[in-house]
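**Q** The numbering of the sequence shown is numbering that gives the first Met the number 0, which starts it at 0 and goes up by one. Yeah, the Cβ is synthetic: ideal placement off N, Cα and C, and Gly gets one too.
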Amino acid sequence: MSPQPGIIESNPDILGGTPIFAGTRVPVQTLIDYLEAGDRLDDFLGDFPTVSRDQAVAALQLAREDEVGSGLGRDTPG
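(1) On the DSSP bridge assignment, give the partners of F47 in chain order.
(2) Note down, in chain order, each residue of its chain lying with its Cβ closer than 6 Å to the Cβ of F43, except the 5 sequence neighbours on either side.
(3) Anyone know if the C-beta pair for A21 and E35 falls short of 7 Å?
(4) Take P81 as the anchor and find which of G45, R39, A58, D41 has the nearest alpha-carbon.
(5) Between which residues of its own chain and R52 is the CB-CB distance below 7 Å, once the five residues before and five after are set aside?
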């Protein structure tokens, strides 16, 4: 996932360049891990109050766009 101003940033001096929510030290992957484990967005936001709902939703939209753009969201002819 590429950096997006105000949403996601990556800095080699912060967590080795891992994509994080802008203005925080919370990796975007943490949100993905929460959701994959069956937790709700509200659970994540409660545990990481430095991440705004708008940031989390925007990051999920970007992740979806990346997935669809890479062909992962397309049906494969069988």
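**A** In this structure, then:
(1) BP columns for F47 are empty, so no partner.
(2) Answer for F43: L30, Y33, listed in chain order.
(3) Judged by beta-carbon spacing, E35 lies beyond the 7 Å limit of A21, meaning their Cβ atoms are not closer than that value.
(4) Limits of the chain in this structure are 0 at one end and 77 at the other, which puts residue 81 out of reach.
(5) Same-chain partners within the cutoff: L44.
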